[in-house]
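A.B. asks: Heads up: the sequence shown runs through residues 2 to 98, numbered per our numbering. Note that CB positions come from ideal geometry on N, CA and C, so glycine has one too. Remember, predicted model here, so these are calculated numbers, not experimental data. This is the structure I have questions about; it appears just below.
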Amino acid sequence: ARLEKLNVQKEELLKKEDDDDSGNDGQRAELSKHVLNQFSLTVQNILQAWDFPDAENVYFDEDQKDFVINGKPRGSRGKGLRAITHAAVTVGLLEFC
């Protein structure tokens, strides 16, 4: 009886997920290059204030949907530096908005 109840809940959740996806119509909100550049400069200034190594050139790669810091993708660094950059992006978003 418990397994059947869980299966029913699973089906309901999957149905809700499918319903949520159907209203999307494949549309995405696009940000202008100017806005992305200004936001990247905000993140760059934060990283430089925190003495992050090699934070001279920060930009947002639209294909990878992540920041590139001095030519290296943010995700290619160790987990400690990734955590710092994640925090910088979060603080940067707060400042930018």
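Closest to Arg-78 by C-alpha separation, out of Glu-96, Phe-53, Leu-94 and Gly-93, would be which residue?
C.D. replies: The count along the sequence shown starts at 1 and reaches residue 78 at position 77. Checking every option, the nearest Cα to that of Arg-78 belongs to Phe-53.
A.B. asks: Starting from Phe-53 and walking both ways along the beta strand (DSSP E), at which residues does that stretch end?
C.D. replies: One-based indexing of the sequence shown puts residue 53 at position 52. Where Phe-53 is concerned, there is no enclosing beta strand (DSSP E), given that its DSSP letter is neither H nor E.
A.B. asks: Closest to His-87 by CA distance: which of Asp-55, Gly-76 and Gln-39 is it?
C.D. replies: Within the sequence shown, the letter at position 86 stands for residue 87. Comparing Cα-Cα distances from His-87 to each of Asp-55, Gly-76 and Gln-39, the minimum goes to Gly-76.
A.B. asks: Between the segment 90-98 and the segment 36-49, can you find at least three pairs of beta-carbon atoms closer than 8 Å?
C.D. replies: Touching, yes.
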